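Residue numbers (the working numbering), protein chains in the order written: chain A, 27 to 454; chain B, 465 to 776.
Don't be surprised by glycine CBs; every beta carbon is placed ideally from N, CA and C.
Owing to the predicted nature of the structure, the values given are computational and were not obtained by experimental measurement.
Quick notes on the structure that follows.
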């Protein structure tokens with residue numbers, strides 16, 4: 027390579043290094059938009075960050091999961107994760123002010139990836155939360171000062187607003203009559219006009235007084251509410267103090283009993299007590315962790331449920347205009363192989379008679395949500411799952427042959443294979 | 465012990481916190497890039513794909529850069545770790561995949577590097593993916609929306625994709641793929657002098673590149689039959705599939721066009737029509753100028769842009 031080429035290469039290297047240095051800054055300011063999720067370098071789905079806390083769940087049945095990457099629509103890598111060992115792993119990546127939470131469950135064959143985008147909360151949300159936490163009562167001991175500060179700040183803000191309102195009102199009251207005098211000389215005003223003006227002014231004053239009274243009432247109510255909250259906090263604190271005192275008394279009693287009892291040394295008793303206390307603290311910590319995990323799980327479930335409900339509503343909405351056409355198509359003749367599974371299910375509701383039990387397997391990478399959705403669409407009941415095969419039972423309308431139903435099911439995009447078998451799952 | 469030696473020692477010892485990892489990697493970026501590039505160079509040598517010239521050096525640098533980007537983001541979740549060992553492990557894992565790199569001698573030319581650069585970008589960037597329709601076939605965002613039969617929300621996204629690509633994406637992708645302004649001008653010049661020859665060359669290289677990068681799609685994103693394509697558009701589902709597959713498969717794009725020809729009045733069948741620079745915003749004005757004077761607002765001012773019926 028000659029000097030010119032060396033120069034070109036150095037310039038290129040510098041450009042790439044600069045791009046790498048810029049990476050954290052870009053991560054901080056780039057709008058995530060539509061996030062792409064890559065599993066083993068293949069795009070498996072997108073997360074629309076315009077929605078509230080969108081979540082993507084991807085399940086792989088055969089191939090193990092090695093890497094997960096999250097990129098913005100512009101291709102910027104914002105999260106990367108390596109899942110080399112079998113088991114559960116979680117991570118959290120910042121995207122500007124927002125965050126991505128990722129959890130991977132890797133198995134020897136396949137695995138499940140769950141990616142959730144958490145948008146940063148606005149200051150209004152945080153303020154509302156702070157007030158709610160105060161209203162709910164018991165703040166923790168180390169948060170007591172913060173709670174008081176918040177209460178004081180809010181009270182001050184309310185009082186300042188009320189004062190400003192009063193001052194502004196007084197100033198406008200004084201300014202109005204002066205302005206009237208300047209604009210209209212007394213000689214040119216007839217008596218009835220003056221009377222009308224004064225009654226108008228009185229009416230305006232009256233209205234202002236009413237508004238002022240309302241504002242004052244609102245301020246008072248707010249103050250009362252704040253006082254109630256403060257009283258509630260005080261009560262909670264007193265309760266905590268009482269509990270602590272009771273605990274101290276109990277401890278002293280136990281220690282006294284220990285000293286009184288023969289054959290047990292006080293130091294040993296103390297050690298026993300300390301061990302018990304340590305155990306209790308550890309148990310409490312464990313319990314708190316379990317509660318947190320349960321809460322997180324509940325949140326995930328409720329969000330998944332909401333998403334499913336929304337999806338169902340959409341499907342129902344989309345299906346409504348098709349109902350008459352589907353009824354016509356199914357009248358007197360079995361549905362064609364191209365009939366959608368949803369239409370088959372609609373007809374099945376009308377003539378309940380024939381039970382069909384079959385096994386179905388799905389394309390690789392099909393999410394559990396899609397599988398559940400399909401089973402719901404055909405009004406099926408899911409049985410056991412064996413080596414990627416799902417046992418499903420459906421009730422078919424009398425005139426519809428099972429073969430026709432099976433053919434139409436095979437046409438669904440996510441379905442890999444369908445077979446009938448009574449008890450034994452089909453071999454792979 | 466020299467400063468460089470100290471840095472090497474630090475990179476080989478255990479890093480305990482994320483802050484320490486960030487600080488150390490920023491300090492040692494040139495060394496890390498050198499190491500990642502060295503791995504790429506060795507892989508090309510071992511597989512008999514290496515020649516001592518600037519094209520191969522640039523190629524190794526680019527792949528080293530891409531691997532280092534992954535290491536910098538992934539490494540934060542792997543702390544505590546030894547940075548050099550972690551980088552080596554990520555790279556080894558990447559190269560152990562079947563055909564990890566899109567290597568072909570013809571792709572080392574400026575045109576090959578341009579096509580490979582934007583297509584590899586399209587695999588990780590939706591902006592680049594949408595822009596492929598313009599760079600390869602000259603389709604504007606409105607035409608892309610119509611051919612793909614997208615809904616209202618998805619259409620808005622396409623316009624945003626084009627906008628971001630115009631503002632920053634194209635510049636960054638071209639810079640990172642190592643194609644210089646001089647080389648872009650050379651290709652434009654060739655397009656002007658020998659349009660048919662360039663088109664044939666681009667056609668050949670596009671097939672090569674698309675075949676490789678289509679592997680980045682999940683398995684079920686394979687080519688569909690005409691009947692399945694028809695179902696997909698009639699029943700109006702799977703926008704993701706349409707976008708991903710049609711951007712990276714010319715044959716299917718032509719099939720879909722033929723299938724939906726009646727609904728695509730005013731749009732010609734997608735043919736190779738290479739555009740090196742991003743679609744400019746003032747398309748309507750450009751069209752007017754193009755009709756009256758023959759320019760198009762691009763550097764060089766030789767080719768005309770196609771415009772959608774709705775917007776440019």
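Taking C-beta to C-beta, are residue 393(A) and residue 107(A) nearer than 8 Å? No.
Three-state secondary structure (DSSP) of residue 216(A): At residue 216(A), the pLDDT of 41 sits below 50, so the modelled position is not reliable; the number obtained from the coordinates is stated separately. Coil.
In chain order, what are the residue ranges of uninterrupted beta strand (DSSP E) at least 3 long that sit wholly in the segment 615–697 of chain B? Here no run is fully enclosed.
For residue 118(A): DSSP bridge partner residues: Beta-bridge pairing links residue 118(A) to 127(A).
Going by CA-CA distance only, name the one from 699(B), 734(B) and 502(B) that's closest to residue 667(B). Distances from the alpha-carbon of residue 667(B) to those of 699(B), 734(B) and 502(B) put 734(B) closest.
Would you verify that the beta carbon of residue 17(A) is, or is not, closer than 8 Å to some beta carbon of chain B? Lying before the first or after the last residue shown, residue 17(A) is absent from chain A, which here runs from 27 to 454.
Using a C-beta cutoff of 8 Å, does residue 69(A) count as contacting chain B? Yes, its Cβ sits closer than 8 Å to a Cβ of chain B.
Along chain B, which residues have their Cβ under 9 Å away from the Cβ of residue 72(A)? In chain order: 590 and 704.
Under 8 Å, Cβ to Cβ, is there at least one residue of chain B near residue 435(A)? It does not: the Cβ of residue 435(A) has no partner Cβ on chain B nearer than 8 Å.
Looking only at DSSP bridge pairs, what is residue 385(A) linked to? Note: residue 385(A) sits in a beta bridge opposite 417(A) and 445(A).
Can the beta-carbon of residue 608(B) be found less than 8 Å from the beta-carbon of residue 597(B)? Against a cut-off of 8 Å, the Cβ pair of residue 597(B) and residue 608(B) comes out as a contact.
Less than 8 Å separating the beta-carbons of residue 715(B) and residue 693(B)? The Cβ-Cβ distance between residue 715(B) and residue 693(B) does not fall below 8 Å.
For residue 311(A), does the count of other Cβ atoms within 10 angstroms reach 16, so buried, or fall short, so exposed? Residue 311(A) comes out exposed.
First through last residue of the alpha helix (DSSP H) which encompasses residue 519(B): Counting along the chain, the alpha helix (DSSP H) containing residue 519(B) begins and ends at 518–538.
Which whole-angstrom value describes the C-beta separation of residue 737(B) and residue 576(B), a residue pair presumed to lie in contact below a C-beta threshold of 8 Å? Contact annotation, residue 737(B) with residue 576(B): C-beta distance approximately 18 Å; criterion of less than 8 Å not satisfied.
Please check if any C-beta of chain A sits within less than 8 Å of the C-beta of residue 555(B). Taking Cβ atoms only, chain A never reaches closer than 8 Å to residue 555(B), which makes this a no.
Buried or exposed: which applies to residue 591(B), given that a residue is buried once 16 or more other Cβ atoms fall within 10 Å of its Cβ? Residue 591(B) sits buried, since 16 or more C-beta atoms from the chains shown fall within 10 Å of its C-beta.
Straight-line Cα distance separating residue 258(A) from residue 246(A): Approximately 18 Å, taken between the alpha carbons.
Consult DSSP for residue 94(A) and reduce its assignment to one of helix, strand or coil. Strand.
Residue 652(B) vs residue 42(A) beta-carbon contact at 8 Å: With contacts defined by Cβ atoms closer than 8 Å, residue 652(B) and residue 42(A) do not form a contacting pair.
Short check: CB of residue 109(A) to CB of residue 130(A), under 8 Å? Yes. Within cutoff.
Which word fits residue 343(A), buried or exposed, when buried means at least 16 other C-beta atoms lie within 10 angstroms of its C-beta? With fewer than 16 neighbouring CB atoms inside 10 Å of its own CB, residue 343(A) falls in the exposed class.
Are residue 387(A) and residue 440(A) close, meaning C-beta to C-beta below 8 Å? The Cβ-Cβ distance between residue 387(A) and residue 440(A) does not fall below 8 Å.
Segment contact, 8 Å Cβ cut-off, at least three pairs: the segment 500–516 of chain B with the segment 476–491 of chain B: No, the segment 500–516 of chain B is not in contact with the segment 476–491 of chain B.
Whole angstroms is fine: what's the gap from residue 655(B)'s alpha carbon to residue 662(B)'s? If I take the Cα positions, the gap works out to 6 Å.
Run through the segment 567–594 of chain B for me and flag every whole alpha helix (DSSP H) of 4 or more residues, listed as ranges in chain order. You should have 574–588.
N-terminal and C-terminal residue of the beta strand (DSSP E) that residue 143(A) is part of: Counting along the chain, the unbroken beta strand (DSSP E) around residue 143(A) starts and ends at 137–144.
Please determine if the segment 545–558 of chain B and the segment 45–60 of chain A are in contact, where contact requires at least 3 C-beta pairs separated by less than 8 Å. Under the 8 Å Cβ criterion, the segment 545–558 of chain B does not count as touching the segment 45–60 of chain A, having fewer than three qualifying pairs.
Compute the distance between the beta-carbons of residue 49(A) and residue 533(B), then report whether it is under 8 Å. The answer is yes: Cβ separation under 8 Å.
Buried or exposed: where does residue 411(A) fall if 16 or more other Cβ atoms within 10 Å of its Cβ makes it buried? By the Cβ-count criterion, residue 411(A) is exposed, with fewer than 16 other Cβ atoms from all chains shown falling within 10 Å of its own Cβ.
is_contact[residue 36(A), chain B] using C-beta, thresh 8 Å: Taking a beta-carbon distance threshold of 8 Å, residue 36(A) does not count as an interface residue toward chain B.
CB residue 88(A) to CB residue 135(A), shorter than 8 Å? Between residue 88(A) and residue 135(A), the gap from beta carbon to beta carbon is short of 8 Å.
Flag this pair as yes or no: are the beta carbons of residue 539(B) and residue 504(B) separated by less than 8 Å? Pairing residue 539(B) with residue 504(B) gives a Cβ-Cβ distance that is not under 8 Å.
Does the separation of the CB atoms of residue 569(B) and residue 642(B) fall below 8 Å? Judged by beta-carbon spacing, residue 642(B) lies beyond the 8 Å limit of residue 569(B), meaning their Cβ atoms are not closer than that value.
Since I believe residue 126(A) is in contact with residue 105(A) (beta carbons under 8 Å), could you give me their beta-carbon distance rounded to a whole number of angstroms? Going by Cβ atoms, the distance from residue 105(A) to residue 126(A) rounds to 5 Å, so yes, they are a contact pair.
Could you tell me which residues DSSP pairs with residue 613(B) in its beta bridges? None; residue 613(B) has no bridge partner.
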